[in-house]
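Under my numbering, the first residue of the sequence shown is numbered 1286, with each subsequent residue one higher.
C-beta: ideal position from N, C-alpha, C; glycine also.
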Amino acid sequence: MANNSSSVLEKQTDDKICATENDGNQPKIPGIPLSRKLCYAIGGMPYQMTANAKGFFMQIFLLDVVKMGAFSASIILFLGRAWDAITDPLIGYAVSKSGRTRIGKLIPWIVFTMPLGVLSYVMLWYTPQDTMSSGFSFGWYFTWCSLFDTFMSCYHVPYSSLNMFLGGNQKDRDSATGYRMGMEVFATLAGAAIQGQIVGVHHAKRTQVCSLQNDTEGPSWNHTDSLDEMSVTLQNTRKAYLTGALVLGMLYFLCCLVLFLGVKEQLAPLSKLDRINVSYLTGMKMVVGHTPYVRLVFGFLFASVAFQMAQGNFALFCTHAANMGAYFQHLVLVLLTSATISIPMWQAMLVKKGKKTTIFIGLSVYIPALIVISLVKSNLPIFIIMSMVAGTSLAALFLLPWSMLPDVVDDFKVKNPSCHDLEPLFYSCYVFFNKFGGGMSVGVSTLFCRIQAWCL
């Protein structure tokens, strides 16, 4: 999507919307109030808090805490992401087919699936038994993982589509997207901070106990005492994961409440917020047949795969390869703090340089950071600096693709004025490729643990 093409697209879209707004004696649509932008932005926090807690900690939780085999863990991670991705277009179609109620069309989906999402998230981090068979363990965590991903899709798909129905024009929506991305990066920081600070000390303790056990030699070594200490440490780690899940579940509820109280759906000039009258396959064909949308989706896909592969392996790399397990949670905080601070910078560059140039610069700085992190080990200052650089790039990935998506949807509506209310399908398919690619990256990465004879 070149800068010139983007400018033409924005001009055409604005001209069409302005013509609709000023038709006859209709009053001009006001902008989006700051309070509505903030409440909308806060509503996006649960998805990022829980998704990134899963991304950073689910793999090491299954391997180190649940004591699941590497192959079973990789299957859960891959199938869980695949299921999560598949449900998005289906839920997007279900949202499009649903009618409008007194509180809107999208918000009821968000509100009524929230309790189920909180429950399934807490159960995902709960260990029902001290010792579990491999079959029971696999079934338990795969079931709750699939349920949580389904309920979160029921929350996130209509929430993402809500951007088109906040009122205002394209610039107002870009501003709302900026607020949303800032809060979502902060949510990523908060989720990782809460989970990391609660469980990080216990992971460090377990690593220390294992190291002492491996280094101890001679007749003075007491095998029974060592096993008891390992068992106590494992129990404490399991309790810590459950505590973190309860805290994030409470924040999930509070953020949803703020969204419900502070945001009211507004009719867009080119949308009716009504039921769609096309079949699922017809709607999908129309969505994937829009060339600018396809280009944006695949660009987002490849960037997301790279970021999620690095994210899923960062905990294991720091703990077992770089000898930085005790500092892992602090490195995550540095990375996400850098991302949070960088959002306004990318927003300003977006306005000045255009979206294509900004995202190219933003994603490019991630490459040298990863190379240095993989080559330099046991050097905390270098890790901190590179985490800051990676966080800056992460902010660009958060902001730019989601800022481009409304432009593409508006372009589709301008070129297809008879097609209404397909926004949930556009947004759900957008997330589909991101999630499926992320599942592939994490699953393949975990399988390498098995190839390298992972030993717990």
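Per DSSP, the unbroken alpha helix (DSSP H) holding residue 1614 starts and ends at 1613-1638. The continuous alpha helix (DSSP H) containing residue 1430 extends over residues 1419-1446. When Cβ pairs closer than 8 Å are counted between the two stretches, the stretch 1421-1429 is seen not to touch the stretch 1587-1595, the count staying below three. Distance from the CA atom of residue 1637 to the CA atom of residue 1631, rounded to whole angstroms, is 10 Å.
Your pair residue 1453 and residue 1316 checks out as a contact, with CB atoms roughly 5 Å apart and the cut at 8 Å. With fewer than 16 other Cβ atoms inside 10 Å of its own Cβ, residue 1633 counts as exposed. Leaving aside the five residues that flank residue 1549 on each side, none in its chain has a CB nearer than 6 Å to its CB.
For a cut-off of 8 Å, the C-beta gap from residue 1444 to residue 1568 is around 20 Å, too long to register as a contact. Assignment of residue 1453 by DSSP, reduced to helix, strand and coil, places it in the coil class. The bridge partners DSSP lists for residue 1389 are 1386. Judged by beta-carbon spacing, residue 1365 lies within the 9 Å limit of residue 1431, meaning their Cβ atoms are closer than that value.
A contact is defined here as three or more CB-CB pairs under 8 Å, and the stretch 1329-1339 meets this definition with respect to the stretch 1464-1479. Residues of the same chain with a CB within less than 7 Å of the CB of residue 1547, apart from the 5 flanking positions on each side, are 1320, 1321, 1324 in chain order. Residue 1386 and residue 1641 have their C-alpha atoms some 39 Å from each other. Burial of residue 1689 is indicated by the presence of at least 16 other C-beta atoms within 10 angstroms of its C-beta. In the three-state DSSP reduction, residue 1709 falls in the helix class (H, G or I). Ranked by Cα distance from residue 1525, the first of 1680, 1699, 1372, 1410 is 1410. Secondary structure within the stretch 1659-1724: the alpha helix (DSSP H) runs of 4 or more consecutive residues, fully enclosed, are 1665-1700 (chain order). Residues of the same chain with a CB within less than 6 Å of the CB of residue 1347, apart from the 5 flanking positions on each side, are 1353, 1358 in chain order.
Taking C-alpha positions only, residue 1517 is separated from residue 1574 by approximately 57 Å. Around residue 1624, the same chain offers 1470, 1676, 1679, 1680 as residues with beta carbons nearer than 6 Å, after the five sequence neighbours per side are excluded. Nearest neighbour of residue 1577 by Cα position, chosen from 1372, 1419, 1691, 1519, turns out to be 1691. Going by beta carbons, residue 1719 and residue 1599 fall outside the 9 Å limit. An exposed status is given to residue 1650, since fewer than 16 other beta-carbon atoms sit within 10 Å of its beta-carbon.
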